[in-house]
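The working numbering puts the sequence shown at residues 26 to 497.
All residues carry an ideal CB built from backbone N, CA and C; glycine is no exception.
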Amino acid sequence: MSTFGGLNTSHTALNAARTAVDVAGQNIANVKTPGYTRQRAELASSPVAGPIGVLALSRPGPGQGVMVTGIARLANEMLNEGVREASASSGYHATRAAALETLETGLREPGKDGLSARMQEFWASWQDLGNAAGDGAAAAVVLQQAATLAARIADGSRAVSSQWTALRKDASTMVDQVNHAAARVAELNDTIRRSTLAGGQVNELLDERDRVAADLASIAGGQVYDRGDGTVDVLVAGNPIVTGTTANRLVLAGPTTPGGTGAVSVQWERRPGTAIDLDGGELAGALSMLAPASGGTGGPLNEALASYDAVATALAEQVNAVHRTGATPNGTTGLDFFAFDPGVPAALGLRVIPTDVSGIAAALPGAGAKDGTIADRIAGIGRAAGSPDEVWGSFVGKVGIASGAESSRAQVAALGLVDAVGRQQSESAVDLDEENLALVTAQTAYQGAARVFTAIDEMLEVLITRTGVVGR
26 MSTFGGLNTS
36 HTALNAARTA
46 VDVAGQNIAN
56 VKTPGYTRQR
66 AELASSPVAG
76 PIGVLALSRP
86 GPGQGVMVTG
96 IARLANEMLN
106 EGVREASASS
116 GYHATRAAAL
126 ETLETGLREP
136 GKDGLSARMQ
146 EFWASWQDLG
156 NAAGDGAAAA
166 VVLQQAATLA
176 ARIADGSRAV
186 SSQWTALRKD
196 ASTMVDQVNH
206 AAARVAELND
216 TIRRSTLAGG
226 QVNELLDERD
236 RVAADLASIA
246 GGQVYDRGDG
256 TVDVLVAGNP
266 IVTGTTANRL
276 VLAGPTTPGG
286 TGAVSVQWER
296 RPGTAIDLDG
306 GELAGALSML
316 APASGGTGGP
326 LNEALASYDA
336 VATALAEQVN
346 AVHRTGATPN
356 GTTGLDFFAF
366 DPGVPAALGL
376 RVIPTDVSGI
386 AAALPGAGAK
396 DGTIADRIAG
406 IGRAAGSPDE
416 VWGSFVGKVG
426 IASGAESSRA
436 QVAALGLVDA
446 VGRQQSESAV
456 DLDEENLALV
466 TAQTAYQGAA
476 RVFTAIDEML
486 EVLITRTGVV
496 GR
């Protein structure tokens, strides 16, 4: 290598050190940027040029300096996939836990505003009427407690219906978010592939694509597969929602009101009628809560509505069955106490028939207006097997158990996500101490290269300006 060639070696060293400084500065600047993956300048020595021609002599010499072969993005795809899987699990259980907690809170059990307390007050009013048969005041209390109980059942059912409707709207929003994320991944795939082919820098684009893919996984449990050409495929429930630069849209189908026919489901827009069996994510959690009732094992919200209907039905049937055997003060028999408005669920249509003491059959037929036998029997319904109280208590217990279990699962899943993110960040997050060390190292290398440059410059000056001067 000639003396002048040493200048090129020093120049490459200066460029490499400056690039390392720039990369360290980029890392430090993005230390708080969400989803940013730290980078490193990749360096390689430039080999010495070999002799040319058959008569050329091979002489030992240093290489041609250093070259920057690329800016490495220090990401670990296995750890990234672990974060996506943990996000899907955490999103699923967190959505279910939040919905079940809201449902459990709305039951107001145990408490003075709960349905259990209202039923106890209703039975107690019948007991008081039995002790004071024919008393208008006692009869008025029975009617008031009956109306309050019916209203409480209806209010509880409406609250669950409102929660179901709100959660379905959330599910629709989630589907829109998934479609937007899928379209963005496809767009980034195209940009990254073209930039890579053109020799451009795509690290920041890869960071953004990873962030979007993680969001998609949290909502719908998407899995990412590298195609090897700069693009990735994203699969949802085993089917591609992103293939290269193409995104496939999802739609939300099914009933828009609780208790409707069929189930709320996610389907492919290009293939309607076939539900997608999501295996994780917030959307899957929402769909599981919106599922139809199935004898106690279906969607918790529709099961709650069915339980309110069951309580209303059991209350009306059991009270009416005893009430029909009694007689009103004027001797009328065979009367019902409760009725249902047609065309609406039982919980919403339950109403009280009598308007005053004349419509209440509290006595045995022929026993007289002061007899309270039937009232006593109605008061005892709440303590019998299969009573409305028992139906309600069984449902409340199931909700409490389900809510507690789901809350525990959500906590475990959240801890798993924290652990997965921690392992990912230990690999790819910016560490200021490490970056400061890299910055000092690059700075020192730059100073050394500059010193070599100066030394060669001084040598050339001596060679050029002093050659042939000796002896003059």
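Reduced DSSP secondary structure (H/G/I, E/B, other) of residue i
i, result
"asparagine 355", "coil"
"arginine 274", "coil"
"alanine 300", "strand"
"valine 108", "helix"
"threonine 286", "coil"
"valine 291", "strand"
"phenylalanine 365", "strand"
"leucine 315", "helix"
"leucine 241", "helix"
"alanine 157", "coil"
"alanine 171", "helix"
"alanine 388", "strand"
"serine 412", "coil"
"proline 325", "helix"
"arginine 133", "coil"
"glycine 429", "helix"
"arginine 349", "coil"
"glutamine 57", "Per the sequence shown, the amino acid found at residue 57 is lysine instead of glutamine. Three-state DSSP puts lysine 57 in coil, outside helix and strand."
"leucine 360", "coil"
"glutamine 226", "coil"
Which residues DSSP lists as bridging residue i, in chain order
i, result
"methionine 92", "Ala69"
"threonine 34", "DSSP output for threonine 34 lists no bridge partner at all."
"aspartate 251", "Val257"
"asparagine 264", "Val261"
"glutamine 64", "Arg98"
"leucine 375", "Phe365"
Residue i vs residue j beta-carbon contact at 8 Å
i, j, result
"leucine 99", "threonine 58", "no"
"serine 243", "tryptophan 417", "no"
"alanine 311", "aspartate 195", "yes"
"glutamate 102", "valine 421", "no"
"valine 91", "serine 70", "yes"
"valine 257", "alanine 245", "no"
"valine 185", "leucine 308", "no"
"glutamine 89", "asparagine 33", "yes"
"isoleucine 481", "glycine 31", "yes"
"serine 187", "leucine 330", "no"
"valine 203", "leucine 241", "yes"
"threonine 358", "isoleucine 385", "no"
"glutamate 126", "serine 428", "yes"
"alanine 430", "histidine 118", "no"
"arginine 218", "glycine 253", "no"
"alanine 467", "valine 46", "yes"
"asparagine 228", "isoleucine 96", "yes"
"leucine 277", "valine 259", "no"
Neighbour-count burial assignment, residue i, 16 or more Cβ in a 10 Å radius
i, result
"aspartate 138", "exposed"
"glutamate 342", "exposed"
"serine 383", "exposed"
"isoleucine 426", "exposed"
"tyrosine 250", "exposed"
"glycine 305", "buried"
"isoleucine 489", "exposed"
"alanine 191", "exposed"
"aspartate 201", "exposed"
"alanine 364", "exposed"
"leucine 462", "exposed"
"aspartate 235", "buried"
"valine 465", "exposed"
"asparagine 355", "exposed"
"glutamine 226", "exposed"
"serine 72", "For clarity, residue 72 is proline in the given sequence; the question names serine instead. So proline 72 ends up on the exposed side."
Chain-order list of residues whose beta-carbon lies under 8 Å from that of residue i (same chain, five-residue window excluded)
i, result
"serine 412", "Ala339, Gln343 and Ile406"
"threonine 271", "Ala211"
"alanine 179", "Ala372, Leu373 and Leu375"
"threonine 380", "Leu168"
Contact set for residue i: own chain, Cβ-Cβ below 7 Å, skip 5 residues either direction
i, result
"glycine 323", "Ala316 and Pro317"
"threonine 173", "Arg143"
"serine 112", "Ala239, Ala242, Ser243 and Leu442"
"tryptophan 151", "Val167, Ala400, Ile403 and Ala404"
Neighbourhood of residue i by C-beta, 6 Å cutoff - its chain only, sequence neighbours within 5 removed
i, result
"alanine 157", "Ala163"
"aspartate 401", "Gly155"
"alanine 207", "Ile266, Val267 and Ala272"
"arginine 109", "Ala239 and Ala242"
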